[in-house]
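These notes are about the structure you will find just below.
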Amino acid sequence: MRIVLCYPVEQRHIERIQAAAPELEVVDAGQERIAELLPTADIYCGHAKVPVPWPETVSAGRLQWIQSSAAGMDHCLTPEVIASSITVSSASGVLADQVADHTLALLLGLLRSIPQFVEAQKKREFIRLPTRDLCGSTVGIVGFGANGRRLADVLAPFKTRIIATDYYPRDKPKTVDTLMPHDALHQLLPQCDVVILTAPLNDQTRGMIAAEQLGLMKPGAVLVNVARGPLVVESDLVDALESGHLGGAAVDVTEIEPLPVESRLWDAPSTLITPHVGGQKASRIDDMTDLLCLNLQRFADGKSPLNLVDKRLGFPTPEDSLRGYLKGR
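Quick note on this note's numbering: the sequence shown kicks off at 390 and runs consecutively.
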């Protein structure tokens with residue numbers, strides 16, 4: 390059996406994977422060879438950022454299991470994969486700390502007018518500008534999986550009132566005031582000073598924040614997207630920023646990546662943009678390899694992998710999540 394890798398491993402990671410599953414042939418395809426080697430895999434671990442032949446791979450009938458090295462699953466949940474018997478698991482929760490760090494950096498930077506102060510610094514201008522408060526605000530988290538729950542932990546000490554929506558609105562932590570179903574977005578938006586998107590991208594969530602939803606937000610509210618760009622209709626977001634209805638936006642993800650130079654979003658007022666770096670972490674590859682090796686042992690034992698994805702939804706159920714596993718230890 391062959392496991393094909395497509396995440397930036399070093400030789401020490403390959404050796405660790407080989408030690409965890411000595412019966413497997415371990416092949417590091419990288420982005421350069423993944424399109425060629427994916428159809429030859431029995432197990433695939435990674436996140437292909439180049440076009441790959443999913444229809445041919447599925448029809449070949451060899452691939453048994455996909456272990457994504459990302460939390461978002463839109464890169465591999467094609468119609469062919471969804472309809473197949475291939476097991477799929479995600480990296481949900483592996484990078485939750487870093488996503489929370491980055492979200493906090495974006496949010497505080499936006500609220501405390503840091504971009505404007507940086508521009509003034511470049512001009513050697515010592516000018517006081519208005520700032521806004523995170524403390525005491527109402528924060529809405531849309532998508533209360535591993536990243537959303539970690540954000541609630543981080544934001545609670547700021548004396549925020551936190552409300553959230555989720556597909557599985559249960560197991561509400563003390564940090565959250567109200568946890569509502571995923572279809573209660575229209576109830577959440579009008580209450581919030583800050584709305585943070587941490588939902589997965591699927592057919593139900595694509596374009597979930599458009600003109601209608603933006604219109605429901607408080608005048609002057611702030612939108613933060615650290616999930617997937619296509620959750621938001623970008624032209625509607627720019628319209629809401631240019632009209633002054635929204636007080637700002639911070640995005641680590643955009644509808645098209647890289648963000649085209651002609652995009653209106655670059656010049657939108659009160660906007661912070663980072664190039665999809667929320668999951669960056671010094672030990673990212675080590676941690677991903679840890680999860681893969683743990684799941685390889687479960688695979689060998691005939692058990693379902695941790696973070697087993699419901700392919701129709703694009704994310705794990707709470708019972709199958711890494712978070713649930715760690716909580717039960």
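Note that the Cβ used here is the ideal one computed from N, Cα and C, for glycine as well. Please read all numbers here as calculations on a predicted model, not as lab measurements.
- Shown here, residue 699 sits in a strand according to DSSP, grouped into three states.
- Excluding the 5 residues flanking it on each side, residue 487 has same chain C-beta neighbours closer than 7 Å at 667, 668, 669 and 670, in chain order.
- Secondary structure in the stretch 409 to 454: the alpha helix (DSSP H) runs of 4 residues or longer, each lying completely within the stretch, are 419 to 426 and 443 to 449 in chain order.
- In the structure shown, residue 541 adopts helical secondary structure according to DSSP, grouped into three states.
- A straight-line Cα-Cα distance of about 15 Å links residue 494 and residue 539.
- Annotation: the continuous alpha helix (DSSP H) that includes residue 504 extends over 503 to 511.
- Segment contact: the stretch 619 to 630 against the stretch 580 to 597, three or more CB-CB distances shorter than 8 Å; contact assigned.
- For residue 569, the enclosing beta strand (DSSP E) has its first and last residue at 567 to 570.
- For residue 688, the three-state secondary structure derived from DSSP is helix.
- Rounded to whole angstroms, the separation of the alpha carbons of residue 390 and residue 412 is 7 Å.
- Beyond the five residues adjoining it in sequence on each side, residue 543 comes within less than 7 Å, by CB distance, of 489 and 493 in the same chain, given in chain order.
- Cβ contact annotation for residue 677 (same chain, cutoff 7 Å, sequence separation greater than five): 396, 458, 480 and 483, in chain order.
- Collapsing the DSSP output to three states places residue 633 in coil.
- If you check the CB distance, residue 641 and residue 491 come in under 9 Å.
- For residue 522, there is no enclosing beta strand (DSSP E), as DSSP marks it with neither H nor E.
- Shown here, residue 682 sits in a helix according to DSSP, grouped into three states.
- Closest option to residue 517, judged by alpha-carbon separation, among 508, 409 and 703: 508.
- For the pair residue 571 and residue 554, the CB atoms are nearer than the 9 Å cut-off.
- Residue 554 has 531 and 569 as its beta-bridge partners, per DSSP.
- Of the other Cβ atoms in all chains shown, fewer than 16 fall within 10 Å of the Cβ of residue 715; this residue is therefore exposed.
- Judged by DSSP secondary structure, residue 583 falls within the beta strand (DSSP E) whose first and last residues are 583 to 586.
- Assignment of residue 470 by DSSP, reduced to helix, strand and coil, places it in the helix class.
- Between residue 615 and the set 657, 534 and 427, the nearest pair of CA atoms involves 534.
- Bridge pairing for residue 547: absent [DSSP].
- Residue 557 holds the alpha-carbon nearest to the alpha-carbon of residue 573 among 557, 499 and 451.
- Considering only 652, 645, 600 and 656, the residue with the shortest C-alpha distance to residue 634 is 600.
- Per the Cβ contact rule, the stretch 423 to 433 is in contact with the stretch 454 to 468 (3 or more Cβ pairs under 8 Å).
- Assigned with DSSP and collapsed to three states, residue 403 falls in helix.
- The stretch 693 to 705 and the stretch 496 to 514 do not touch, with fewer than three beta-carbon pairs separated by less than 8 Å.
- Beta-bridge annotation (DSSP): residue 457 is paired with 435.
- Nearest in C-alpha terms to residue 405, of all of 690, 688, 691 and 682, is 682.
- The three-state secondary structure of residue 617, taken from DSSP, is coil.
- Here residue 636 is buried. Its C-beta has 16 or more other C-beta atoms within 10 Å.
- In its chain, beyond the 5 residues on either side, 417, 434 and 435 have a beta carbon closer than 6 Å to the beta carbon of residue 394.
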